[in-house]
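*Asks:* Quick note on numbering: the sequence shown equals residues 194 to 417 in this note's numbering. Virtual Cβ for every residue (Gly too), placed ideally from N, Cα, C. My questions all concern the structure below.
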Amino acid sequence: MGERIKLTASDGFTLNAYRAAPEGKPRGGVVLIQEVWGLNTWIRSVVDRFARHGYLAVAPAMFDRVEFGYESDSYTPEQFEVIGGLMKQFDHQTALLDVAAAIEAAKAGGKVGITGYCFGGAVSWRAAHHGMGLSAASGYYGGGVPNYIDLAPTIPLEMHYGDQDKGIPLEQIEALKARYPDVGIHTYPAGHGFCNSDRPGNFNEAACTKASARTLDFFRKHLG
Numbered sequence: 194m195g196e197r198i199k200l201t202a203s204d205g206f207t208l209n210a211y212r213a214a215p216e217g218k219p220r221g222g223v224v225l226i227q228e229v230w231g232l233n234t235w236i237r238s239v240v241d242r243f244a245r246h247g248y249l250a251v252a253p254a255m256f257d258r259v260e261f262g263y264e265s266d267s268y269t270p271e272q273f274e275v276i277g278g279l280m281k282q283f284d285h286q287t288a289l290l291d292v293a294a295a296i297e298a299a300k301a302g303g304k305v306g307i308t309g310y311c312f313g314g315a316v317s318w319r320a321a322h323h324g325m326g327l328s329a330a331s332g333y334y335g336g337g338v339p340n341y342i343d344l345a346p347t348i349p350l351e352m353h354y355g356d357q358d359k360g361i362p363l364e365q366i367e368a369l370k371a372r373y374p375d376v377g378i379h380t381y382p383a384g385h386g387f388c389n390s391d392r393p394g395n396f397n398e399a400a401c402t403k404a405s406a407r408t409l410d411f412f413r414k415h416l417g
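Listed below in structure tokens is the structure:
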């Protein structure tokens, strides 16, 4: 359904992206931030799903500044080692330039929202703090809560976490709720990565269905 495209950031860097457009006029734009495995099969399928719901959806390749073109459908310990090396080189501040390029591309669909999973959930919170011309953000199980808890959102934001996530202790989620009572922070009886249907050990269909419906309702409210 979608297509691979190139985006150019404001500093001149060219990065890969995946874009999917709906049939007919878009009801808005959505920027989708990947998990740590790049623009792999599952992420592309989620972009396509947003397009089927009427949104012009764009996913930037967030690791292209570290390893151009990196993506993997292999969820193995060896790949986690590779990702660990990539993350050591990753610059969150510079990466926002790539997020901004994706937002510009998605603006062709109207008001823009951002969403993301795991790594992308944390990036979504950071984007909500900076605003970046976005109208809403809905992030999923963004790790490293202590790294973004002080970044107050400036746009409508909701987050989705599994209450059995071993990497995101429940007390961190409760701290977010206490700090930001106006942010819709939802928990589900699930572990980490509960929306990735390509990882049977992580996927929780009931939790993902409920969270995804909330995201769509949230975007319909704030984007169209």
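Should T201 be labelled buried (16 or more other beta-carbon atoms within 10 Å of its own) or exposed?
*Replies:* So T201 counts as exposed.
*Asks:* Any chance the region 260-280 sits against the region 300-308, with 3 or more Cβ pairs inside 8 Å?
*Replies:* Output reads no: the region 300-308 does not touch the region 260-280.
*Asks:* Going straight from the alpha carbon of L416 to that of R220, what length do you get?
*Replies:* One C-alpha to the other measures close to 7 Å.
*Asks:* Taking the straight line between their C-alpha atoms, what separation do you get for A250 and R237?
*Replies:* Each residue's Cα considered, the two are about 10 Å apart.
*Asks:* Would you mind listing the beta strand (DSSP E) stretches within the region 203-274 that are 3+ residues and don't spill past its ends, in chain order?
*Replies:* Taking only runs of at least 3 residues, the beta strand (DSSP E) segments lying wholly in the region 203-274 are 207-213, 221-226, 248-253.
*Asks:* Just curious, the alpha helix (DSSP H) that Y341 is in, first and last residue?
*Replies:* 338-341 is the span of the alpha helix (DSSP H), which, as asked, contains Y341.
*Asks:* Check this for me: beta carbons of H379 and P346, under 8 Å apart or not?
*Replies:* No; because the gap between Cβ atoms is not below 8 Å, this pair is not in contact.
*Asks:* Mind reading off the beta-carbon distance from Y333 to C388? Whole number of angstroms is fine, and I expect it under 8 Å.
*Replies:* The pair is a contact, with the Cβ atoms about 6 Å apart (cut-off 8 Å).
*Asks:* Do you know how far the Cα of R319 is from the Cα of H385?
*Replies:* Approximately 20 Å between the Cα atoms of the pair.
*Asks:* Return the CA-CA distance between A383 and Q365, expressed in angstroms with no decimal places.
*Replies:* Roughly 16 Å separates the two Cα atoms.
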